[in-house]
Amino acid sequence: MLVVETVAKIRRLHRVQGKSIKAICRELGISRKVVRKVLRSGETEFRYSRARQPQPKLGPWQAELERLLEANEARPRRERLTLVRVYETLRELGYEGGYDAVRRHARGWQASRATAVAAAFVPLSFAPGEA
61 MLVVETVAKI RRLHRVQGKS IKAICRELGI SRKVVRKVLR SGETEFRYSR ARQPQPKLGP
121 WQAELERLLE ANEARPRRER LTLVRVYETL RELGYEGGYD AVRRHARGWQ ASRATAVAAA
181 FVPLSFAPGE A
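The sequence shown begins at 61 in the numbering used here and counts up one residue at a time.
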């Protein structure tokens, strides 16, 4: 992601000092493609949005992964499996995808469970000396 300051430097070097695109690239350590993009556009800040990560190989295995995660959560804290072990269990069952997809899904699963627990919180308030 380019900062507004870097965009200003690129434009100043090209328009005011008259430096070439190649010289700007050498000086700032940025690719020529990025320098051209900055010079051609009128934007001051560039953001690169990443599309949602597809999970095609995990798709048919999501139910099994969630079952493993729920069984893992039901275990005592010291006996729980790490995500690497959960991944290895899935591999033994025939899953051919990568660990990162399992980790991303498990993180989302844990976040959804945490919001359900957080929603059950009931704040208590007492006047001084009542509790």
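Every residue, glycine too, gets a C-beta built ideally from N, C-alpha and C.
Here the structure is a predicted model, which means the values were calculated and not measured.
Lys93 versus Glu124 - alpha carbon distance: Residue numbering aside, residue 93 sits at position 33 when the sequence shown is read from its first letter. Residue numbering aside, residue 124 sits at position 64 when the sequence shown is read from its first letter. Straight-line Cα distance between these residues: approximately 45 Å.
Leu118 vs Val64 beta-carbon contact at 8 Å: As a first step, residue 118 is located in the sequence shown; it is residue number 58 there, counting from the start. As a first step, residue 64 is located in the sequence shown; it is residue number 4 there, counting from the start. No. Outside cutoff.
On a CA-only basis, which of Leu129, Arg151, Arg140, Leu184 is nearest Arg167? Give me that one, please. Translated into positions along the sequence shown, residue 167 becomes position 107. If we check each option's Cα against that of Arg167, Leu129 comes out closest.
Span of the alpha helix (DSSP H) holding Tyr147? Taking the sequence shown and counting its residues from 1, one reaches residue 147 at position 87. That run of the alpha helix (DSSP H) goes 143–153.
If I'm right that Leu73 touches Ile90 with Cβ under 8 Å, what's the distance once you round it to whole angstroms? The residue labelled residue 73 in the question sits at position 13 within the sequence shown. The residue labelled residue 90 in the question sits at position 30 within the sequence shown. So it is not a contact: roughly 11 Å between Cβ atoms.
Closest to Trp169 by C-alpha separation, out of Leu184, Leu88, Glu126, would be which residue? Along the sequence shown, read from residue 1 onward, the residue named residue 169 stands at position 109. Residue Glu126 holds the alpha-carbon nearest to the alpha-carbon of Trp169 among Leu184, Leu88, Glu126.
Just verifying my parser: in three-state terms, what is the DSSP assignment at Val67? Counting from one through the sequence shown, the residue named residue 67 turns up at place 7. Of the three classes helix, strand and coil, the one that applies to Val67 here is helix, per DSSP.
Nearest to Pro114 by CA position, among Phe186, Phe181, Asp160, is which residue? Mapped onto the sequence shown, residue 114 falls at position 54. Looking at the Cα atoms, Asp160 is the closest of the given residues.
Distance, Cα to Cα, Ala131 vs Leu99? Your numbering for residue 131 matches position 71 in the sequence shown. Your numbering for residue 99 matches position 39 in the sequence shown. C-alpha separation (whole angstroms): 55 Å.
Residue span of the alpha helix (DSSP H) that contains Ile81, given as start and end: Numbered from its first residue, the sequence shown carries residue 81 at position 21. Annotation: the continuous alpha helix (DSSP H) that includes Ile81 extends over 81–88.
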